[in-house]
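Chemist: In case it helps, this note's numbering puts the sequence shown at residues 2 to 303.
Even glycine gets a Cβ: it sits at the ideal position worked out from N, Cα and C.
Please read all numbers here as calculations on a predicted model, not as lab measurements.
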Amino acid sequence: MRQKVMLIIQLIISILLVFFIFQIIRLDDLLLVLSGTDLALLGFGVLAYLALNVLNSFKLGLLVGQKMPFRELFMINMAGMLASDVTPGRAGYFYTIVLLKIRKSKSAAALAVFQLTELLVKLVGALAAFFLLLTFISGTSLPSYFFFAFGLIALAAVFIFLVSFSRHSEKLLGWSERFLPSFVRFQKHAKSTKKVFVSAFSVTLVGWFLRGLEWFFVANAIGLNLDFFQAVLLHPLITIFAFVPVSIAGLGLVEFAGITIITNMGVVSSENALETVLAFLLLDRAMNLVVDLIGLKRLVFR
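(1) Using a threshold of 8 Å, state whether the C-beta atoms of residue 292 and residue 51 are closer than that.
(2) Going straight from the alpha carbon of residue 19 to that of residue 35, what length do you get?
(3) Between residue 305 and residue 31, is the Cβ-Cβ spacing less than 8 Å?
(4) Among 15, 37, 24 and 21, whose alpha-carbon lies nearest the alpha-carbon of residue 277?
(5) Jot down the residue ranges of each uninterrupted alpha helix (DSSP H) in the region 39 to 111, minimum 4 residues, whole runs only, in chain order.
(6) Residue 264 to residue 242, Cα distance in whole Å?
(7) Please list, in chain order, all residues of the same chain as residue 57 whose beta carbon is under 6 Å from its beta carbon, the five residues on each side excluded.
(8) Are residue 237 and residue 126 closer than 8 Å when you measure CB to CB?
(9) Enumerate in chain order the residues of its own chain whose CB-to-CB distance from residue 300 is below 7 Å, with the five nearest sequence positions on each side excluded.
(10) Alpha carbons only, please: which of 260, 94, 284 and 88 is nearest the one belonging to residue 25?
(11) Taking Cβ to Cβ, would you say residue 225 is nearer than 8 Å to residue 262?
(12) In angstroms, rounded to a whole number, what distance separates the CA positions of residue 269 and residue 95?
(13) Give every residue of the same chain whose Cβ lies closer than 6 Å to the Cβ of residue 123, excluding the five residues on either side of it in the sequence, and list them in chain order.
(14) Could you tell me the alpha carbon to alpha carbon distance between residue 308 and residue 207, rounded to whole angstroms?
(15) Taking Cβ to Cβ, would you say residue 87 is nearer than 8 Å to residue 274?
(16) Spatial neighbours of residue 295 within its chain, please: CB distance less than 6 Å, with the 5 preceding and 5 following residues excluded, ordered by chain position.
(17) In the structure shown, what three-state DSSP assignment does residue 25 receive?
(18) Check whether the Cβ of residue 246 sits closer than 7 Å to any heavy atom of the ligand ATP, and report yes or no.
(19) Taking residue 233 as the reference, give the member of 92, 49, 71 and 59 with the closest Cα.
(20) Classify residue 11 as buried or exposed, calling it buried when 16 or more other Cβ atoms lie within 10 Å of its own Cβ.
(21) Can you check which of these residues, 5, 4, 228 and 43, is closest to residue 287 by C-alpha distance?
(22) Could you check which residue in 40, 64, 89 and 41 has the C-alpha nearest to that of residue 253?
(23) Hey, residue 219 and residue 283 are a contact pair by Cβ (cut 8 Å); roughly how many whole angstroms apart?
(24) May I ask you to report which of helix, strand or coil DSSP gives residue 177?
(25) Go through its chain and collect everything with a Cβ distance to residue 239's Cβ below 7 Å, but skip five positions before and after it.
(26) Just to confirm the assignment: which complete beta strand (DSSP E) runs, minimum length 3, are found wholly within the region 231 to 294?
(27) Report buried or exposed for residue 13, applying the criterion of at least 16 other Cβ atoms within 10 angstroms of its Cβ.
(28) Does the beta-carbon distance from residue 204 to residue 45 come in below 8 Å?
(29) Mapping the DSSP letters down to three states, classify residue 228 as helix, strand or coil.
(30) Taking Cβ positions, are residue 91 and residue 244 nearer each other than 8 Å?
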């Protein structure tokens with residue numbers, strides 16, 4: 002009952018956020034921007050997103066360590082992505098634990114490592130993107146912040162490795178009788194991913210670039226002049242709001258954050274700046290949802 006009430010509240014918040022956004026933009030101009038979409042560039046964005054999901058399916062197979070046909074892993078990944086499109090905090094991806102049909106403790110640990118690598122890369126990318134914004138004030142060259150991001154990612158990789166696999170990390174939770182047993186169980190099953198951790202983390206980094214490539218194509222399809230490096234760094238900074246569980250998959254939050262950040266970067270020169278950025282974010286969200294429908298049958302008939 003409590004979960005249903007929370008879901009209703011989150012749905013109401015999503016609707017209110019979208020309503021607020023549409024109060025500050027002109028609908029006619031938004032439709033005009035969308036009508037000028039370059040379908041060829043949008044198609045390249047779709048291909049980049051599909052490539053990302055192929056990589057994520059491969060990573061899922063690596064971490065689970067279960068011999069499964071790749072087509073099955075791909076469909077399970079797409080079903081999880083579809084579930085995440087319509088759940089608060091994109092938590093629906095964890096439904097893949099059910100779809101994998103292996104020991105829940107093992108699949109939960111694999112999914113936890115999977116999501117941990119994704120979240121930390123996103124956090125590091127968001128921090129790097131924050132410094133990107135400073136380039137428009139200080140005039141510092143973009144590559145310096147790009148390499149700074151890679152330095153932080155290296156530290157994050159070391160942190161994940163130590164937390165997941167070090168025998169000494171459980172001592173940090175020795176004071177907690179509540180969390181220690183769960184952590185020990187997680188670490189026990191997470192250790193099964195140790196041999197493939199570096200490969201999985203490398204796939205996550207490549208996936209980050211593919212997301213940037215996707216945003217580069219979709220943004221330029223709509224007439225938003227983002228270059229590739231800007232797209233790579235802005236994606237985690239803006240989409241990290243999708244993981245805040247106050248609305249459905251960050252609906253409204255992501256769009257408001259994107260409008261605020263991108264318009265203040267000065268990369269939109271047209272009079273329809275707000276409408277152009279919103280069109281880009283809505284088009285990318287819609288494109289992701291349509292592609293994720295590949296997993297609908299697997300999600301419904303598991």
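Modeler: Reading from the atomic positions:
(1) What you label residue 292 is simply residue 291 of the sequence shown in a count that begins at 1. What you label residue 51 is simply residue 50 of the sequence shown in a count that begins at 1. Going by C-beta atoms, residue 292 is nearer than 8 Å to residue 51.
(2) The count along the sequence shown starts at 1 and reaches residue 19 at position 18. The count along the sequence shown starts at 1 and reaches residue 35 at position 34. Their backbone Cα atoms lie some 17 Å apart in a straight line.
(3) Limits of the chain in this structure are 2 at one end and 303 at the other, which puts residue 305 out of reach.
(4) The residue labelled residue 277 in the question sits at position 276 within the sequence shown. Comparing Cα-Cα distances from residue 277 to each of 15, 37, 24 and 21, the minimum goes to 37.
(5) 40 to 65, 71 to 86 and 97 to 101
(6) Sequence index remark: in the sequence shown, residue 264 carries index 263 (1-based). Sequence index remark: in the sequence shown, residue 242 carries index 241 (1-based). So the alpha carbons of these two residues sit roughly 17 Å apart.
(7) Sequence index remark: in the sequence shown, residue 57 carries index 56 (1-based). Result list for residue 57: 78, in chain order.
(8) Start at 1 with the first residue of the sequence shown, and residue 237 comes out as number 236. Start at 1 with the first residue of the sequence shown, and residue 126 comes out as number 125. Going by C-beta atoms, residue 237 is nearer than 8 Å to residue 126.
(9) In the sequence shown, the residue the question calls residue 300 occupies position 299. Correct list, in chain order: 80, 83 and 84.
(10) Here residue 25 corresponds to residue number 24 of the sequence shown, with the count starting at 1. For the residues 260, 94, 284 and 88, the minimum Cα distance to residue 25 belongs to 260.
(11) For the purposes of this step, residue 225 is taken as the residue at position 224 of the sequence shown. For the purposes of this step, residue 262 is taken as the residue at position 261 of the sequence shown. No, the pair does not count as a contact, with Cβ atoms beyond the cut-off.
(12) For this step, residue 269 is matched to residue 268 along the sequence shown. For this step, residue 95 is matched to residue 94 along the sequence shown. Rounded to the nearest angstrom, the two C-alpha atoms are 37 Å apart.
(13) Taking the sequence shown and counting its residues from 1, one reaches residue 123 at position 122. Here the set comprises 237 and 241.
(14) What is shown of the chain runs 2 to 303, which leaves residue 308 out entirely.
(15) Numbered from its first residue, the sequence shown carries residue 87 at position 86. Numbered from its first residue, the sequence shown carries residue 274 at position 273. No, the Cβ-Cβ distance between residue 87 and residue 274 is not below 8 Å.
(16) By one-based count along the sequence shown, residue 295 stands at place 294. Counting only Cβ-Cβ distances below 6 Å, and skipping sequence neighbours, we find 79.
(17) Position 24 of the sequence shown, counted from the start, is the residue given in the question as residue 25. Residue state, collapsed to three classes: coil.
(18) Annotation note on the ligand ATP: not contained in the displayed structure, which lists no ligands.
(19) Within the sequence shown, residue 233 is the residue found at index 232, counting from 1. That would be 49, whose Cα lies nearest to the Cα of residue 233.
(20) Here residue 11 is taken as the residue at index 10 of the sequence shown, counted from 1. Buried, since its Cβ has 16 or more Cβ neighbours within 10 Å.
(21) Against the sequence shown, residue 287 aligns to sequence position 286. Considering only alpha carbons, the answer is 43.
(22) For the purposes of this step, residue 253 is identified with residue 252 of the sequence shown, where counting begins at 1. Out of 40, 64, 89 and 41, 89 has the C-alpha closest to the C-alpha of residue 253.
(23) On the sequence shown, residue 219 is found 218 positions in, with the first residue counted as 1. On the sequence shown, residue 283 is found 282 positions in, with the first residue counted as 1. With 8 Å as the limit, residue 219 and residue 283 do not qualify as a contact, their Cβ atoms being about 10 Å apart.
(24) By one-based count along the sequence shown, residue 177 stands at place 176. Caution is warranted here: a pLDDT of 47 is assigned to residue 177, below 50, making its placement in the model unreliable, and the coordinate value is therefore given only provisionally. Of the three classes helix, strand and coil, the one that applies to residue 177 here is coil, per DSSP.
(25) Here residue 239 refers to the residue found at position 238 of the sequence shown. 255, 258, 259 and 262.
(26) none
(27) Start at 1 with the first residue of the sequence shown, and residue 13 comes out as number 12. Under this definition residue 13 is an exposed residue.
(28) Here residue 204 refers to the residue found at position 203 of the sequence shown. Here residue 45 refers to the residue found at position 44 of the sequence shown. The answer is no: Cβ separation not under 8 Å.
(29) The residue given as residue 228 occupies position 227 in the sequence shown. Three-state DSSP puts residue 228 in coil, outside helix and strand.
(30) Mapped onto the sequence shown, residue 91 falls at position 90. Mapped onto the sequence shown, residue 244 falls at position 243. The answer is yes: Cβ separation under 8 Å.
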